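Written below as structure tokens is the structure these notes are about.
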Amino acid sequence: MKELLYLNKYFVKYKYRFLLGIVFTIIAQIFMLFTPKLISKSFKVIESFSKDENIAISVIRQELTSNILLIIATTIIAGFLTFLMRQTLIVMSRHVEFDLKNEVFRQYENLSQNFYKKNRTGDLMNRISEDVSKVRMYVGPAVMYTINTVIRFTIVIVYMYNVSPRLTLYTILPLPLLSYGIFKLSSEINIRSTIFQQYLSKVSSFTQEIFSGIRVIKAYSLEEQHQNNMVNLANESKQKSLNLAKVQSLFGPLMLALIGISNLVVIYFGGLMYIDGTIKSIGTIAEFILYVNMLTWPVASLGWVSSMVQEAEASQKRLNEFLKIEPEIKNKNTNQSIINGSISFENVSYTYEDTNIKALKNISFTVKKGETLAILGKTGSGKSTILSLISRLYDVTDGQIKIDDKEISTLNLFDLRNSIGIVPQDAFLFSDSIKNNIKFGKEDASMEEVIAAAKNSVVHDNIIGFKKQYDTILGERGITLSGGQKQRVSIARAIIKNPPILLFDDCLSAVDTETEESILNNLNEICKDKTTIIVSHRVSSAKNADKIMILEDGKIIQQGSHNQLINQEGYYASLYLKQLSEKELL
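Take the UniProt record's numbering: the final residue in the sequence shown is number 586, and no numbers are missing along the way.
Spelled out as structure tokens, the structure:
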């Protein structure tokens, strides 16, 4: 139960619903206890008639009718109160489920890139869906039936004791066996439930990865191989599920057997006590049988509740593993930060935690507001890392990054990121309309602004060629569009935001040179008063920049303007000549 203590804050948050549910439960149980009393009373009325024939049959009939009507009335009231109990406690569990899912989602948003490198998407999805649902069953049904059982046991045992202490003792004799059986089975359920949830995550991760990469799988004709892998994984998961179900299935028969034994005990010992005169009426035995049967569902539910608690414990443990992780990137300043856009790196170094690769080594440069910096270099030279550090997706290992002469970690993180429009190397689009994908950068943008951004990124003509134009719904990850179209929509999404800082990470690699030229001409106008950093492998994307920086193995090996660098021996001049000759050949 240690892991489930995390949920106590939600019980405190919804304490009024919780307490009201308990009140409804107590009152409902009191009304339910009228039935055994009234039936016992009816038996006594019938017995009195059999012993004294002078009693009028009409009096007996009237008494029995009155008892029946009271049984119906109290049962209806108890049923209505039970309905209210469910409305308070089960609805409370839905609120907790909502809050917990949002808490997990917020934690996922706050965790750094390193976290996502270490954990698979399918597993994250399974925790926020399946695991939270298991926890909800604990907060709702498990808690509700536990309260119901405790209150019913308490009230029923008190009533039984008042009627016959000796017969009550005989009735509860099987309960220690029940408690021991629950303890043993619960421990095994906890172990098997944890294993099953882990395999469920494996299935989710596997299927999510396959569906995301379905084009590659089809291209290589690997459907059958992955189908076989899926069958093997599903079979393993099924076996773990069956192992869990086998243990869970023991609860029902165990509970019913013990309740049956209790009924036999009541009949046997109650009969002996009636014969020797300890019990004065057969109605008392009938009353006790009803009490025992009233305990049937609560006792039987103990197994189900215990199973739910053990599963919830295993699921909450998996959730706590992530909820207790402290985000690496923290917002140290909650006050508003106004960003103008000048950027400076001072002896910045960065080493990736997961691979231990030193991506940047003592990098220093400055980009003033309104200037454009182009960064070129071979794959793996550290270009994209610079953009990630500016966005604070990572924090530097050594050195300092300053925005407007303020250390980057002292700025409000959300204001910083809202002041940046970034076009990532992998243009990610959502399964939504093209219009909404562009408006992702500015949710309140007008249609005129959307069209203007699309025109500036030279994708407007492509969009109006679709049947539904800007309302065209894209497939997962923007699969409806070509690579170049996705890049251009991603550019439109960044520029519609109109931020003081624009970061372009090799975002023109999938477009032809003519389209690239048109986009760059538009960007020159847009970026006049903005701080712009362009990462590219093409000289054509860099030549108009105010500054050009060449990286190799995490170090700056050249920097200057286009005219300066083409007149120097080195990477930039050789790349310029190579791409110039390729262009002439085309």
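Where a beta carbon is used, it is the ideal one built from N, C-alpha and C, also for glycine.
Quick caveat: nothing in here was measured; it's all calculated off a predicted structure.
Helix, strand or coil for G421 per DSSP?
-> strand
Within this structure, are the beta carbons of V450 and I496 separated by less than 8 Å?
-> yes
Where does F365 sit, in a helix, a strand or coil, going by DSSP?
-> strand
DSSP puts F504 in a beta bridge; with which residues?
-> V423, I534
Measure the alpha-carbon distance for G441 versus G140 and round it to whole angstroms.
-> Rounded to whole angstroms, G441 to G140 spans 40 Å at the Cα level.
Rounded C-alpha distance that separates S342 from L520 | 21 Å
Do the region 368-388 and the region 535-554 make contact, defined as three or more Cβ pairs closer than 8 Å?
-> yes
Alpha carbon to alpha carbon, how far is F153 from F24? Give it in angstroms, no decimals.
-> F24 and F153: Cα-Cα distance of roughly 16 Å.
Collapsed DSSP secondary structure at G213 in the structure displayed = coil
Whether A312 touches M137 by CB criterion (8 Å) | yes
Terminal residues of the continuous beta strand (DSSP E) containing A374?
-> 372-377
Can you check DSSP and say which residues form a bridge with S509?
-> Paired residue(s): none; S509 is not in a bridge.
Does DSSP put V96 in a helix, in a strand, or in coil?
-> Reduced to three states, the DSSP call for V96 is helix.
Around the Cβ of T372, are there at least 16 other Cβ atoms within 10 angstroms (buried) or fewer (exposed)?
-> buried
What residue range is occupied by the uninterrupted beta strand (DSSP E) comprising V139?
-> Looking at the DSSP string, V139 is not in any beta strand (DSSP E), and its letter there is neither H nor E.
Member of L580, I128, A142 whose CA lies at the smallest distance from the CA of residue 591 = What is shown of the chain runs 1 to 586, which leaves residue 591 out entirely.
Whole runs of the beta strand (DSSP E) within the region 214-263, excluding any shorter than 3 residues = none
To the nearest angstrom, report how far apart Y199 and I473 are at their CA atoms.
-> 34 Å
Start and end of the beta strand (DSSP E) containing Y6?
-> Taken as a continuous stretch (DSSP letters only), Y6 belongs to no beta strand (DSSP E), as it is neither H nor E.
Contact check, V45 vs L64 under 8 Å by CB: the rounded distance?
-> Confirmed, Cβ separation roughly 6 Å.
Taking buried to mean at least 16 other C-beta atoms within 10 Å of its own C-beta, is T149 buried or exposed?
-> T149 sits buried, since 16 or more C-beta atoms from the chains shown fall within 10 Å of its C-beta.
Please go through the same chain and pick out, in chain order, the residues whose beta-carbon is closer than 6 Å to the beta-carbon of S364, but skip the five residues on each side of it.
-> F345, E346, N347
With 16 as the cutoff for other CB atoms within 10 Å, does V158 come out buried or exposed?
-> exposed
Using alpha carbons as the reference points, say which of S388, S281, K218 lies closest to I422.
-> S388
Roughly how many whole angstroms lie between the Cα atoms of E516 and D131?
-> 47 Å
Could you work out which residue in K406, R493, D405 is closest to F430 when comparing CA atoms only?
-> The residue with the shortest Cα to Cα distance from F430 is R493.
Of the residues V266, S237, Y291, the one placed nearest L33, counting alpha carbons only | Y291
Proximal residues to S518 (C-beta, below 7 Å), its chain only, five neighbours per side dropped = V458
Other residues of its chain near A314: CB distance less than 7 Å, five sequence neighbours each side excluded = N190, S193, T194, Q197
Limits of the unbroken alpha helix (DSSP H) element including residue 588 | Because the chain in this structure spans residues 1 to 586, residue 588 falls outside the shown range and cannot be described.
Kindly give me the distance between the Cβ atoms of A500 and S419, rounded to whole angstroms, as I take these residues to be in contact under 8 Å.
-> What sits at residue 500 in the sequence shown is Pro, not Ala. Between P500 and S419, the beta carbon gap of about 5 Å places them in contact (Cβ cut-off 8 Å).
Would you tell me roughly how many angstroms separate the C-alpha atoms of M447 and N243, rounded to the nearest one?
-> 57 Å
Do the region 390-403 and the region 463-472 touch if we need at least three Cβ pairs shorter than 8 Å?
-> no
According to DSSP, what are the bridge partners of Q400?
-> E346
Beta carbon of I289 nearer than 8 Å to that of N320 | no
Please name the residue in R94, V265, T82, I548 whose C-alpha comes closest to that of I147.
-> Nearest C-alpha to I147: T82.
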